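If you're matching positions, the sequence shown starts at 0 in numbering that gives the first Met the number 0 and goes up one per residue. Structure, as structure tokens:
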Amino acid sequence: MKKMLNDESLKTQWQSLDDEIRTWWDKDLRVAQEEQICDPALNRIWYSDEEHRKREEQHGEQNKRTLLFLPYPYISGGGSEQAFPEMYCWDIYFVNRGLAAHGRYDIIRNHILNQLFSIERFGMILTGNRAYYLTRTQTPIHPASIELYYQHHPDRDLLLRAYPLLKKEYDGYWLAAHHQTPTGLATNRDLSELKGTKLDEQFRDRLRPELAAEAEVLDFTSIFAGDIRKCVPLQTNFALVRFTKILSWIAAEIGWPDESRRWEIETTNRTEKINELCWNEEKGFYFEYNFEQRKQLPFWSLAAYWSMWAGIANPNQAARLVENLTRFEHEYGLAQTVEAYPIPHPEFTALQWDYPSCWPPMQIMVVEALEKYGFHEEARRIAGKFLRMQLNVYQKTGYLWEKYNAVSGNVELPRERYHSVPLHNWSCAAVVLLGRKIFSE
């Protein structure tokens, strides 16, 4: 690690790419207003290859207008690369972190307003602005973007606009019967499973219900043993803790103390339930919990470190989580799981949210979590490993990529639905943020 800090050539390489990314943000902007959503060319769905196209086109979406209106320009999943031309729910938080480092709060504000528009229109932030995403969302970390923006631009009017909509989404979606469990914690579910609805009729054939539900958090993974609907996913519930913390902060900031106390209680209750059901004192780790079987599942995943990002792990828990970090750590970063677990979904031979996949957002999340608890050396070590790999692969290929291999240090991964693809989005954010962690702090 010290060698990397003293490696001037690597620092020069990072600075050059960071400067280039500054020029990409505006090029990466897309628009989904009236003219665009009526344009057949812009409604074409992206496929990574011919096999991917043939498999997906059986659903007939290629002949439909699926692009949904958004009022402001946005950075898509792929950026100016071809992949993922939509605005995605959880991707945008990581993009916003990169934008903030470059001072582009104008684009962050657009993203926030687009997401508030989505809640106002649909009651939630859709996975992406496509009609086939009307039935599910993604990990709800978007309130953190409002907190990020407000720290630099204290716009009280934005808080007044955001608060009732975030409250609407939390109460009306995450606390609704379709996402609640007997434990008091949330599960993940695709709303096409609600029988007898238009959503059921229109979207039920795209994915089996358990796969569609899993796609609301990680598409796809072994860690829920095949059916996430029987679980209370760590990533989702840790994010909801952060969600209510931010609601409490907003309510206090705009002068509603009773509302603020309500969210403090909500935060405490969810935290206590997570610790009761998911914390394993013997192993010093959080595990997924199957509420039907009333037991923890045996799969080790990076989702446990979201507890530190959400700020609910106590100092002892955090220390033990960090002791277990080496289980995931490889030469080029953190693998999503400690090993390749048995695949519970018969149509897949590999799962992209399992070992040895090394995802940019997870590296950012874990580094941020470590920093929050004062584990600065560990944070810099992880940041350094992943950043070095990103720079090396960029030098060889001329691209940043959606995901990488933590073991081999390239983008060759066991195939699930498609191979790793060139992508800006959170991969740009990783370069921008982790580079500053290594070379600027």
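Just so it is clear, CB atoms sit at the ideal spot from N, CA and C, and this is done for glycine as well. All values derive from a computational prediction rather than experimental measurement.
Check	Outcome
Going by the beta-carbon positions, is the gap between F298 and E280 smaller than 8 Å?	no
Give the straight-line distance between the Cα atoms of T138 and L193, rounded to the nearest whole angstrom.	20 Å
May I ask you to verify whether the segment 254-274 touches the segment 332-345, counting CB pairs closer than 8 Å and requiring at least 3?	no
Excluding five sequence neighbours on each side, which residues of the same chain lie with their C-beta closer than 7 Å to the C-beta of R21?	H101
Using a Cβ-Cβ cutoff of less than 7 Å, which residues in the same chain neighbour E370 once the five nearest sequence positions on both sides are dropped?	A378
Check Q316 in the structure and name its three-state DSSP category.	helix
Taking 7 Å as the cut-off, is the beta-carbon of D170 closer than that to any non-hydrogen atom of the ligand NAD?	With respect to the ligand NAD, the structure shown offers nothing to examine, as it has no ligands at all.
Who are Y285's beta bridge partners in DSSP?	W278
Write down the C-beta distance between F347 and T180 rounded to the nearest angstrom, noting that I regard them as a contact closer than 8 Å.	Wrong, their Cβ atoms sit about 26 Å apart, outside the cutoff.
Would you call the segment 65-75 and the segment 17-33 in contact, with 3 or more CB pairs under 8 Å?	yes
Does the beta-carbon distance from H344 to V406 come in below 8 Å?	no
Starting from the Cα of L210, find the closest Cα among D189, I249, Q351 and give me that residue.	D189
Within a Cβ cutoff of 7 Å, which residues of the same chain sit near P360, ignoring the five residues on either side of it in sequence?	F93, W425
According to DSSP, simplified to helix, strand and coil, what is P343?	coil
Return the CA-CA distance between K294 and L184, expressed in angstroms with no decimal places.	14 Å
Mind checking K402: buried by the 16 CB within 10 Å criterion, or exposed?	buried
Can you tell me whether DSSP reads Y73 as helix, strand or coil?	strand
Given a threshold of 16 other Cβ atoms within 10 Å of its Cβ, counted over all protein chains shown, does K282 qualify as buried or as exposed?	exposed
What would DSSP say about G332, mapped onto helix, strand or coil?	strand
Do the CB positions of I140 and T186 come within less than 8 Å of each other?	no
Between which residues of its own chain and H51 is the CB-CB distance below 8 Å, once the five residues before and five after are set aside?	Annotation note: pLDDT 49 at H51 (below 50); position unreliable, no value reported.
With a cut-off of 8 Å, do at least 3 Cβ pairs link the segment 383-394 to the segment 318-325?	no
Return helix, strand or coil for L159, following the three-state DSSP convention.	helix
Do you know how far the Cα of Y372 is from the Cα of R269?	21 Å
Got a sec? Which residues, its chain only, sit under 8 Å from Y172 by beta carbon, not counting five neighbours each side?	G122, M123, T136, H178
By how many angstroms is the C-alpha of R160 removed from the C-alpha of P153?	13 Å
What do you get for S144, buried or exposed, if any count of 16 or more other CB atoms within 10 angstroms of its CB means buried?	buried
Is it the case that the Cβ atoms of I36 and L66 are separated by a distance below 8 Å?	yes
Quick check on DSSP: helix, strand or coil for H51?	Summary for H51: the model assigns pLDDT 49, below 50, so the residue's position carries little reliability, and this model does not support an answer.
Does the Cβ of D90 have 16 or more other Cβ atoms within 10 Å, making it buried, or fewer, making it exposed?	buried
Let me know the secondary structure DSSP gives N424 once reduced to three states.	helix
Identify the continuous alpha helix (DSSP H) that holds D90 and give its terminal residues.	90-100
Taking all protein chains shown into account, decide if Q234 is buried (16 or more other Cβ within 10 angstroms of its Cβ) or exposed.	buried
Please say whether G127 and A428 have beta carbons closer to each other than 8 Å?	no
To the nearest angstrom, how far is it from the Cα of L399 to the Cα of H423?	6 Å
Given this structure, state the Cα-to-Cα distance separating H151 from F385, to the nearest angstrom.	28 Å
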